[in-house]
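Numbering-wise (full-length UniProt numbering), the sequence shown opens with residue 1 and increments by one.
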Amino acid sequence: MNAEFIACVREINELEYACNSMLTKEYENLLDESITNSQIIMLNHINHYGRILTGDISKLMNISPSAVSQTLNRLEKNGYIKRSINPSNRREVFVELDTKGIKYIKINEEIELSIIERFYSKLDLADITALRDIMYKLKRIIEEEQKSR
């Protein structure tokens, strides 16, 4: 791999970090700083599926069931999620958003829309589409590489 390629990838990573840092600073007063990245990812999965089994969260996030359970315990304790036993299979536990989780997702959606309107809207649709396509391509490469292990 040549030095120019490596330098370009590093520059992309630095730019992405800089953009995320600036946006985080811009919206920090609206963000809940007590929540971790893994908790945010888990909340987003729960929101996406509406009601999901703990085992499915483990598969989606590629983490152990005990790690899922620990994270869910913290989220439940803080009012972000609620759990219920599957009546047709009592060994399975459903998870869904609770009041604080619903509020958290709503605020994040408002922040996302604000970012789109204030910043992304200044790019052409062709640029946004190209960026999306490149990110999908990179995601597929990573998934294929991880499957082959």
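C-beta: ideal position from N, C-alpha, C; glycine also.
Open item on the list: What residue range does the beta strand (DSSP E) around E96 cover?
Closed with: Locating residue 96 in the sequence shown gives position 96, where the first residue counts as 1. That run of the beta strand (DSSP E) goes 93-97.
TODO: Please check the pair Y80 and K100, which I expect to be a contact at CB under 8 Å, by giving their CB distance rounded to whole angstroms.
DONE: Within the sequence shown, residue 80 is the residue found at index 80, counting from 1. Within the sequence shown, residue 100 is the residue found at index 100, counting from 1. With 8 Å as the limit, Y80 and K100 qualify as a contact, their Cβ atoms being about 5 Å apart.
Open item on the list: If you follow the alpha helix (DSSP H) that S69 is in, where does it begin and where does it stop?
Closed with: For the purposes of this step, residue 69 is taken as residue 69 along the sequence shown, with counting starting at 1. S69 -> alpha helix (DSSP H) spans 65-77.
Open item on the list: I need the DSSP call for S84, collapsed to helix, strand or coil.
Closed with: Here residue 84 is taken as the residue at index 84 of the sequence shown, counted from 1. Reduced to three states, the DSSP call for S84 is strand.
- [ ] Could you tell me whether the Cβ atoms of residue 150 and I46 are closer together than 9 Å?
- [x] What the structure shows of the chain is the stretch from 1 to 149, and residue 150 is not part of that stretch, so it cannot be assessed.
- [ ] Kindly give me the distance between the Cβ atoms of Y120 and I128, rounded to whole angstroms, as I take these residues to be in contact under 8 Å.
- [x] Against the sequence shown, residue 120 aligns to sequence position 120. Against the sequence shown, residue 128 aligns to sequence position 128. At roughly 6 Å, the Cβ-Cβ gap stays under 8 Å, so Y120 and I128 are in contact.
Open item on the list: Going by DSSP, what residue range makes up the alpha helix (DSSP H) through K147?
Closed with: For this step, residue 147 is matched to residue 147 along the sequence shown. Unbroken alpha helix (DSSP H) run through K147: 125-147.
- [ ] Return the Cβ separation of L43 and F94 in integer angstroms, given the expectation that the two are a contact with Cβ distance under 8 Å.
- [x] One-based indexing of the sequence shown puts residue 43 at position 43. One-based indexing of the sequence shown puts residue 94 at position 94. Not confirmed; about 15 Å, so no contact.
Task: Residue range of the alpha helix (DSSP H) that includes S38 - done: As a working note, residue 38 is residue 38 in the sequence shown. Segment 37-49, the alpha helix (DSSP H) holding S38.
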